[in-house]
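Here's the structure, in C-alpha coordinates; my notes come after.
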Amino acid sequence: MSAHAPSAGRVPAPAQYAEIAVPGAAIGLVAGVFAAGVAALAGLPGVQIATIATGLGIPLALLGAGYCVLLATGRFGVGAVGPVALYWLVGFPLARLIDEVAVAGVLGHDDVLRDPLLSFLAFQALLSIGFAIGFLWLHERLAPHWYHRIQRHNTAAADLMRRYIGQAAAMEERRAAAGRGRRRGGS
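End of the sequence shown sits at 457 in this note's numbering; the numbers just go up one at a time, nothing left out.
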(Lines of atoms letter the chains of each structure in order from A and count residues from 1; the text may use other names and numbers.)
(Lines give C-alpha, C1' and ligand atoms only; values in the text may rest on other atoms or scores of the structure.)
Protein backbone atom coordinates (compact mmCIF):
# COMPACT_ATOMS: atom_id res chain seq x y z
CA MET A 1 0.00 0.00 0.00
CA SER A 2 1.22 3.53 -0.79
CA ALA A 3 2.60 5.89 1.81
CA HIS A 4 -0.33 8.15 0.97
CA ALA A 5 -3.03 5.56 1.63
CA PRO A 6 -5.56 6.28 4.39
CA SER A 7 -3.91 6.26 7.79
CA ALA A 8 -4.47 4.07 10.84
CA GLY A 9 -4.28 0.89 8.76
CA ARG A 10 -7.99 0.77 8.03
CA VAL A 11 -9.65 1.27 4.69
CA PRO A 12 -12.54 3.73 4.62
CA ALA A 13 -15.97 2.38 3.83
CA PRO A 14 -17.18 2.57 0.21
CA ALA A 15 -19.56 5.37 1.23
CA GLN A 16 -16.55 7.46 2.28
CA TYR A 17 -14.94 6.93 -1.13
CA ALA A 18 -18.24 7.84 -2.81
CA GLU A 19 -18.24 11.09 -0.83
CA ILE A 20 -14.59 11.69 -1.78
CA ALA A 21 -15.56 11.25 -5.46
CA VAL A 22 -18.10 14.09 -5.49
CA PRO A 23 -15.78 16.89 -6.75
CA GLY A 24 -14.40 14.84 -9.65
CA ALA A 25 -17.85 13.62 -10.64
CA ALA A 26 -19.19 17.18 -10.53
CA ILE A 27 -16.37 18.46 -12.74
CA GLY A 28 -17.07 15.68 -15.26
CA LEU A 29 -20.78 16.45 -15.32
CA VAL A 30 -20.12 20.15 -15.77
CA ALA A 31 -17.81 19.35 -18.70
CA GLY A 32 -20.63 17.39 -20.32
CA VAL A 33 -23.08 20.23 -19.76
CA PHE A 34 -20.55 22.67 -21.19
CA ALA A 35 -20.22 20.51 -24.32
CA ALA A 36 -24.01 20.47 -24.59
CA GLY A 37 -24.03 24.27 -24.29
CA VAL A 38 -21.59 24.53 -27.18
CA ALA A 39 -23.81 22.17 -29.18
CA ALA A 40 -26.83 24.36 -28.39
CA LEU A 41 -24.95 27.46 -29.56
CA ALA A 42 -24.18 25.60 -32.79
CA GLY A 43 -27.92 25.09 -33.29
CA LEU A 44 -27.98 21.31 -32.99
CA PRO A 45 -31.32 19.59 -32.29
CA GLY A 46 -32.41 19.19 -28.67
CA VAL A 47 -32.15 15.40 -28.67
CA GLN A 48 -28.55 15.64 -29.85
CA ILE A 49 -27.76 18.26 -27.21
CA ALA A 50 -29.21 16.04 -24.48
CA THR A 51 -27.29 13.04 -25.81
CA ILE A 52 -24.04 15.00 -25.79
CA ALA A 53 -24.68 16.14 -22.21
CA THR A 54 -25.24 12.58 -21.01
CA GLY A 55 -23.02 10.70 -23.48
CA LEU A 56 -20.01 12.79 -22.53
CA GLY A 57 -20.98 14.01 -19.07
CA ILE A 58 -21.58 10.59 -17.51
CA PRO A 59 -18.29 9.00 -18.66
CA LEU A 60 -16.36 12.11 -17.62
CA ALA A 61 -18.15 12.11 -14.26
CA LEU A 62 -17.26 8.46 -13.68
CA LEU A 63 -13.65 9.08 -14.67
CA GLY A 64 -13.52 12.19 -12.47
CA ALA A 65 -14.87 10.17 -9.56
CA GLY A 66 -12.28 7.50 -10.30
CA TYR A 67 -9.53 10.10 -10.15
CA CYS A 68 -10.72 11.18 -6.69
CA VAL A 69 -10.71 7.61 -5.41
CA LEU A 70 -7.22 7.02 -6.84
CA LEU A 71 -6.10 10.24 -5.15
CA ALA A 72 -7.63 9.15 -1.84
CA THR A 73 -5.97 5.73 -2.01
CA GLY A 74 -2.59 7.32 -2.68
CA ARG A 75 -2.24 6.20 -6.30
CA PHE A 76 -1.88 9.86 -7.33
CA GLY A 77 -0.03 12.58 -5.49
CA VAL A 78 -1.79 15.81 -4.62
CA GLY A 79 -1.39 18.22 -7.54
CA ALA A 80 0.72 15.80 -9.62
CA VAL A 81 0.25 16.74 -13.28
CA GLY A 82 2.04 13.79 -14.92
CA PRO A 83 -0.10 10.95 -13.56
CA VAL A 84 -3.28 12.96 -14.15
CA ALA A 85 -2.25 13.62 -17.76
CA LEU A 86 -1.65 9.89 -18.30
CA TYR A 87 -4.99 9.06 -16.66
CA TRP A 88 -6.88 11.40 -18.98
CA LEU A 89 -4.75 10.36 -21.98
CA VAL A 90 -6.64 7.07 -21.78
CA GLY A 91 -9.88 8.23 -20.18
CA PHE A 92 -10.75 11.27 -22.29
CA PRO A 93 -10.57 9.52 -25.68
CA LEU A 94 -12.70 6.67 -24.30
CA ALA A 95 -15.28 9.16 -22.98
CA ARG A 96 -15.36 10.90 -26.35
CA LEU A 97 -15.77 7.56 -28.13
CA ILE A 98 -18.72 6.69 -25.86
CA ASP A 99 -20.17 10.12 -26.66
CA GLU A 100 -19.84 9.56 -30.41
CA VAL A 101 -21.43 6.10 -30.19
CA ALA A 102 -24.32 7.52 -28.13
CA VAL A 103 -24.95 10.39 -30.55
CA ALA A 104 -24.80 8.09 -33.59
CA GLY A 105 -27.18 5.65 -31.91
CA VAL A 106 -29.73 8.31 -30.96
CA LEU A 107 -29.62 9.93 -34.39
CA GLY A 108 -29.79 6.56 -36.16
CA HIS A 109 -26.51 6.96 -38.03
CA ASP A 110 -24.77 3.84 -39.27
CA ASP A 111 -21.35 5.49 -39.24
CA VAL A 112 -20.22 6.35 -35.74
CA LEU A 113 -17.03 8.20 -36.67
CA ARG A 114 -16.19 10.36 -39.67
CA ASP A 115 -12.50 9.56 -39.24
CA PRO A 116 -10.75 6.21 -38.82
CA LEU A 117 -10.83 5.01 -35.21
CA LEU A 118 -7.09 5.40 -34.60
CA SER A 119 -7.09 8.94 -36.02
CA PHE A 120 -10.06 9.84 -33.83
CA LEU A 121 -8.43 8.39 -30.71
CA ALA A 122 -5.08 10.07 -31.47
CA PHE A 123 -6.74 13.46 -31.88
CA GLN A 124 -8.73 13.00 -28.68
CA ALA A 125 -5.50 12.00 -26.90
CA LEU A 126 -4.01 15.35 -27.96
CA LEU A 127 -7.05 17.17 -26.59
CA SER A 128 -6.87 15.15 -23.38
CA ILE A 129 -3.79 17.01 -22.16
CA GLY A 130 -5.70 20.29 -22.10
CA PHE A 131 -8.64 18.60 -20.41
CA ALA A 132 -6.32 17.04 -17.82
CA ILE A 133 -4.79 20.41 -16.96
CA GLY A 134 -8.21 22.04 -16.70
CA PHE A 135 -9.59 19.17 -14.65
CA LEU A 136 -6.66 19.25 -12.24
CA TRP A 137 -6.83 23.05 -11.95
CA LEU A 138 -10.53 22.91 -11.06
CA HIS A 139 -10.09 19.93 -8.77
CA GLU A 140 -7.26 21.53 -6.81
CA ARG A 141 -9.39 24.63 -6.24
CA LEU A 142 -12.72 22.97 -5.43
CA ALA A 143 -11.99 19.59 -3.85
CA PRO A 144 -10.03 20.79 -0.78
CA HIS A 145 -13.04 22.89 0.27
CA TRP A 146 -15.26 19.80 0.01
CA TYR A 147 -12.76 17.57 1.80
CA HIS A 148 -12.39 20.14 4.58
CA ARG A 149 -16.16 20.17 4.99
CA ILE A 150 -16.50 16.37 5.26
CA GLN A 151 -13.27 15.49 7.09
CA ARG A 152 -14.89 15.19 10.53
CA HIS A 153 -16.91 12.16 9.53
CA ASN A 154 -14.79 10.90 6.60
CA THR A 155 -11.35 9.52 7.47
CA ALA A 156 -10.27 9.44 3.82
CA ALA A 157 -11.08 13.14 3.50
CA ALA A 158 -9.18 13.86 6.72
CA ASP A 159 -6.16 12.04 5.30
CA LEU A 160 -6.44 14.00 2.05
CA MET A 161 -6.59 17.26 4.00
CA ARG A 162 -3.36 16.29 5.80
CA ARG A 163 -1.76 15.64 2.42
CA TYR A 164 -2.97 18.97 1.00
CA ILE A 165 -1.68 20.80 4.09
CA GLY A 166 1.64 18.95 3.84
CA GLN A 167 1.97 19.90 0.19
CA ALA A 168 1.20 23.55 0.95
CA ALA A 169 3.78 23.59 3.76
CA ALA A 170 6.42 22.02 1.50
CA MET A 171 5.72 24.57 -1.24
CA GLU A 172 5.97 27.43 1.24
CA GLU A 173 9.26 26.03 2.55
CA ARG A 174 10.66 25.83 -1.01
CA ARG A 175 9.58 29.42 -1.70
CA ALA A 176 11.22 30.64 1.49
CA ALA A 177 14.43 28.75 0.69
CA ALA A 178 14.47 30.19 -2.82
CA GLY A 179 13.99 33.68 -1.39
CA ARG A 180 16.88 33.19 1.03
CA GLY A 181 19.05 31.98 -1.84
CA ARG A 182 18.27 35.07 -3.92
CA ARG A 183 19.08 37.39 -1.00
CA ARG A 184 22.43 35.67 -0.40
CA GLY A 185 23.33 35.74 -4.07
CA GLY A 186 22.46 39.43 -4.40
CA SER A 187 24.51 40.60 -1.35
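Ideal Cβ positions, reconstructed from N, Cα and C, are used throughout, including at glycine. Owing to the predicted nature of the structure, the values given are computational and were not obtained by experimental measurement.
query                                                                                                              : result
Cβ distance (whole Å) where residue 302 is taken to contact residue 320 below 8 Å                                  : At roughly 10 Å, the Cβ-Cβ gap does not stay under 8 Å, so residue 302 and residue 320 are not in contact.
Distance, residue 448 Cα to residue 325 Cα                                                                         : 47 Å
Local conformation of residue 418 per DSSP, three classes                                                          : helix
Under 8 Å between C-beta atoms of residue 463 and residue 398                                                      : A query on residue 463 cannot be resolved here, the shown segment of the chain reaching from 271 to 457 and no further.
Where residue 288 sits in the DSSP three-state scheme                                                              : helix
Where residue 345 falls: helix, strand or coil (DSSP)                                                              : coil
Contact the segment 413 to 420 vs the segment 286 to 303: 3+ CB pairs below 8 Å                                    : yes
Same chain only: Cβ atoms within 7 Å of residue 382, ignoring 5 sequence neighbours per side                       : 370, 371, 374
Cα-Cα separation, residue 427 to residue 377                                                                       : 42 Å
Contacting residues, own chain, Cβ-Cβ under 7 Å from residue 365 (five flanking each side not counted)             : 326, 329, 330, 333
Outcome for residue 352 when other beta-carbon atoms lying within 10 angstroms are tallied against a minimum of 16 : exposed
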